[in-house]
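In the working numbering, the protein residues as written are 634 to 1195. Before any comments, here is the structure.
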């Protein structure tokens, strides 16, 4: 049998020391000692502490020459002597006097490093404030690697502002309202915090690939910003990042970005194109709202969520490709996209939510999928270019104001599964000529067909039990109505001012109704129905109450009914 020529390599003492540098607790080091004899003296090889040590655990590293302080903790060798120096404790220099060198990793203020007692200390994380900048005549000290909040707020220096190579972090509102036209950012920079460059005069900026985090509203209201280059390793675009950057024309989003946060490009009125990579999973609320120059957008199929108002008020939008795997179209997604001519709703969408296509005046073609079950309020309100529409058979619910002000729609085919036509659903559809009310419908809401001036013939199925107030108000061309062959509730002023209405089938079968239901129906002869109207000889309830209030005898009426 052949021996395996690849033998497992064993770690020697030196290499196990290298590995142990990445241990996180003293217990890890102690356990290593028991693995084998050659690892017994591992901790003795260290001339610095690779982990945080305390008064008790420092003895495990007997040959320390350089002490590393990793965090602030009063019970460890990382005492915050830079902020608190209690009399019952000796100075840090006395405790550490046996060490050749002390390296401080936790954050300290620049002013603390000036203390002569710490002249031999090496500080890895030094921050400065606006007071520091003022003291240093507007310059950033070489030892500083992070700028705290508002360091250069309202800075009047124009031209190019060069940030030194030792800076790794820019604090909140660091350059807020600065007059610099551009910034030179160092390749050491890792974090840019909230509102850092808000309201600046900068015209362009290139963010180095070293940056892994950009805070919310970082470039908000930079109205002169035209060009921006984002780092390749960025994983999300923060809230309001470019909000009100009214001169920004185009942005390439890095392929590592998975989320575009709320209001990210809102009010970017000059943004004409944007490349959204395949890695994006979510586009949140009002992300591209009021991008009035954006003419087309393609959302990759990796996107599973599009937030409320995402493309709200994109008045120049003429083309949109929706991702295949979204399950709903949210509130105001395409609200007031006045030039959008058509849309193809993907096959997984189940709900189209409130005001989704509200005021899309040029929308004339909609390709529905067969998974939609509900359309919510004002969904197609003001879509004045729609002429004909057939809803999928899967739809069970339509909502208030759904087709209101669709002034050119002539024909709508509703699903047979719809049980209610809600209030003002077809209000002011002035060219609607034909409507088929589903056989499962039980109620027609208030003002549902009000001011539908082209509607001539309506057949209401026997399933309907109530018709709301002013339901067919001022349907000027309505001539023929068929009511159910059973008692139903007719709302007040139901057919008011239907001046050409002259035939109402089954009116004598529906039971009592208020005479005001037909106020202004001058072509309709109600005399043949009043004898069977149980409201009282064709009088309205209001008229009956007035008679009773005047102590008028009702015997004649009762006799007449008999």
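No residue lacks a Cβ here, since even glycine has one placed at the ideal position from N, Cα and C. Predicted model only: the values in this text are computed from it and were never measured.
_Where residue 764 falls: helix, strand or coil (DSSP)_ = helix
_Here's the rule I'm using: 16 or more other beta-carbon atoms within 10 Å means buried, otherwise exposed. How should residue 858 be labelled?_
buried
*If we ignore side chains and look at the alpha-carbon of each, how far apart do residue 889 and residue 1067 end up?*
52 Å
_Unbroken beta strand (DSSP E) run spanning residue 815, endpoints_ = 815-817
*Is there contact here, the segment 1111-1118 with the segment 1060-1075, by at least three beta-carbon pairs under 8 Å?*
no
_Considering Cα atoms alone, identify which of 1083, 1098 and 749 is closest to residue 1126._
1083
*asked:* Need the endpoints of the beta strand (DSSP E) that residue 789 sits in, please.
replied: Looking at the DSSP string, residue 789 is not in any beta strand (DSSP E), and its letter there is neither H nor E.
*Identify which residue in 643, 849 and 693 has its Cα closest to the Cα of residue 666.*
Residue 693 is the option with its Cα nearest to residue 666.
_Cβ neighbour criterion (16 or more within 10 Å) applied to residue 651_ = Burial call: exposed.
*asked:* I need the DSSP call for residue 652, collapsed to helix, strand or coil.
replied: helix
*Sort 1095, 1100, 675 and 993 by Cα distance to residue 1079 and report the nearest one.*
1100
*Which whole runs of the beta strand (DSSP E) in the segment 862-921 are 3 residues long or more, in chain order?*
Fully enclosed beta strand (DSSP E) runs of no fewer than 3 residues occupy 883-885 and 906-908 of the segment 862-921, in order along the chain.
*In this structure, does DSSP put residue 733 in helix, strand or coil?*
coil
_What ranges does the beta strand (DSSP E) occupy inside the segment 954-1039, keeping only unbroken runs of at least 3 residues that lie completely in it?_
You should have 975-977, 998-1000 and 1021-1023.
*When DSSP labels each residue in this structure, what does residue 1161 get in the three-state scheme?*
helix
*residue 1186 in three-state terms, based on DSSP*: With a pLDDT of only 36 at residue 1186, under the threshold of 50, the placement of this residue in the model should not be trusted; the figure read from the coordinates follows. Residue state, collapsed to three classes: coil.
*Return helix, strand or coil for residue 746, following the three-state DSSP convention.*
helix
*Integer-rounded CB distance, given that residue 926 should sit under 8 Å from residue 903*: Contact holds; Cβ gap of about 5 Å.
*Provide the residue span of the beta strand (DSSP E) that contains residue 1068, from first to last.*
1067-1069
*asked:* Give me, in chain order, the residues of the same chain whose beta-carbon lies closer than 7 Å to that of residue 762; leave out the 5 immediate sequence neighbours on both sides.
replied: Taken in chain order, the residues that qualify are 781 and 784.
*Would you identify the three-state DSSP class for residue 1141, choosing helix, strand or coil?*
helix
_Cβ-Cβ distance between residue 866 and residue 830 below 8 Å_ = no
*Integer Cβ distance of residue 1028 from residue 1005, believed to fall under 8 Å*: 6 Å
*Based on Cα-Cα distance, which residue from 770, 756 and 1002 lies nearest to residue 703?*
Comparing C-alpha distances from residue 703 to each of 770, 756 and 1002 shows the shortest one belongs to 756.
*How far does the alpha helix (DSSP H) with residue 664 in it reach, from first residue to last?*
659-666
*Do residue 1052 and residue 1073 come within 8 Å of each other at the CB atom, strictly closer than that value?*
yes
_Other residues of its chain near residue 1096: CB distance less than 7 Å, five sequence neighbours each side excluded_ = 1072, 1073, 1074 and 1075
*Pick helix, strand or coil for residue 1053, following the three-state DSSP scheme.*
strand
*Contact under 8 Å by Cβ, residue 945 with residue 923*: Judged by their CB atoms, residue 945 and residue 923 are nearer to each other than the 8 Å cut-off.
*Beta-carbon proximity check, residue 868 vs residue 896, cutoff 8 Å*: no
*asked:* Let me check one thing: in DSSP terms, what residues is residue 860 bridge-paired to?
replied: 837
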